[in-house]
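Below: one structure, written as structure tokens.
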Ligand code: NAP
Ligand code: F7E
């Protein structure tokens, strides 16, 4: 049987790197769109890129979601069976500082791909990386039918992308689906997202490589799942007879503070918080201040509580998260511990 062709935008990111592996295991030929940067940005996929056995199955091309020409040419040349649009300016706090770029890349970038599929008259199936951020402060649990009222330029750009995907599906008959994914983390999560930042920081404090960890809002609640489980869900979404939108989540949520306690437990560290608001401080067993609040990490508008209802995905896709919260934290802590100890021995 002929191998299917998948194009992944955002292949250098957390999800892209897991999805590429998942699809290669399913015998796809994987094409990845990467941005030109002044330093290497392919760390998460270098093992695939440098594997001579994968030369014909794994190919990377330069392009950018803000550049129509590169998108059109790539899609025209590859004529992929499936496109997974994972590329985005994906940091919520940064989107308040770069709102126009975020709208261009994370919002209109999606339209550029859909327009290429439409004008080239292709039968390509399209997956859009939508997000729980589109719900804003709608009361949990949030599902596909919940009110969508984002609280950040990122959420607004992603809501545009979510809706333009639905509109091209309903208006032009394009096979286009949204995966509305709640937060998902892993050993290769970007280090500026709160889970990885907490783990890296506390591991380094444990190893006496760092004195304090500076954080923002400790009381936001998130529904944190494990990224490798979620990329399987993305693929399942595109294997349905009819295109549709699906929430992928765990149905459980924890505060940022709960996350800190969990990490400390894994590291055999004690932590006790005292004080309120910006004066809240986390002390270790020796009474040393190891966590402090820096208001620069507060957002102009916060999404307070996210917890997803994934019953549609469970029923239709037969998808559910496999990895528990505890197991995910354990894996992430172990990985960063090894990484930090390893860097000492270099
Ligand atoms: P990530 O690690 O931040 O990766 C983002 C990817 O997008 C990177 O490969 C990045 O390239 C690429 N990119 C950024 N701007 C681009 C542009 N203008 N043109 C082309 N590529 C560009 O994100 P992730 O966590 O893997 O998430 C994947 C997707 O799911 C994103 O769209 C995100 O918004 C969405 N999402 C994520 C979560 C989550 O919890 N992880 C939840 C819901 C939705 P560089 O490597 O060059 O920076
Ligand atoms: O923040 C609070 C922060 O940046 C989580 C992206 O993948 O998931 C992600 O967006 C919470 C927020 O993720 C710090 O205020 C406290 O309430 O890890 P985060 P996010 O904003 O939920 C969604 C689903 C996406 O789609 C996005 O692409 O943690 N928080 N202190 C902090 N957050 C950060 N980053 N840094 C802090 O120091």
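Numbering (my numbering), first residue to last: 12 to 357. All C-beta atoms, glycine included, are put in the ideal place defined by N, C-alpha and C.
Residue environment, residue i, which counts as buried when at least 16 other CB atoms sit within 10 Å
i	result
residue 20	buried
residue 268	buried
residue 369	It is not possible to answer for residue 369, since the shown part of the chain is limited to 12 through 357.
residue 343	buried
residue 158	exposed
residue 47	exposed
residue 13	exposed
residue 336	buried
residue 51	exposed
residue 130	exposed
residue 153	buried
residue 250	exposed
residue 306	exposed
residue 91	buried
residue 151	buried
residue 203	exposed
residue 168	buried
residue 160	exposed
Residue i (DSSP reduced to helix, strand or coil)
i	result
residue 196	strand
residue 317	coil
residue 90	coil
residue 213	helix
residue 95	strand
residue 302	strand
residue 237	strand
residue 188	strand
residue 101	coil
residue 29	helix
residue 158	coil
residue 294	strand
residue 150	coil
residue 22	coil
residue 139	strand
residue 204	coil
residue 336	helix
residue 107	helix
residue 37	coil
residue 284	strand
residue 329	coil
residue 66	coil
Chain D contact for residue i (CB, 9 Å cutoff)
i	result
residue 136	Looking for chain D here will not work: only one protein chain is present.
According to DSSP, residues forming a beta bridge with residue i
i	result
residue 14	Paired residue(s): none; residue 14 is not in a bridge.
residue 171	Answer is none; residue 171 lacks a bridge partner.
residue 43	19 and 71
residue 224	302
residue 232	266 and 316
Identify every run of the alpha helix (DSSP H) within the stretch 236 to 282, keeping only runs that are complete inside it and at least 4 residues long; order them along the chain. Counting whole runs of 4 or more residues, the stretch 236 to 282 contains the alpha helix (DSSP H) stretches 238 to 249 and 267 to 277.
Under a criterion of Cβ closer than 5 Å to any non-hydrogen atom of the ligand F7E, which residues qualify, in chain order? Near the ligand F7E, meaning a beta-carbon closer than 5 Å to one of its heavy atoms, we find 101, 103, 142, 143, 144, 194, 204, 205, 226, 227, 228, 231, 267 and 308.
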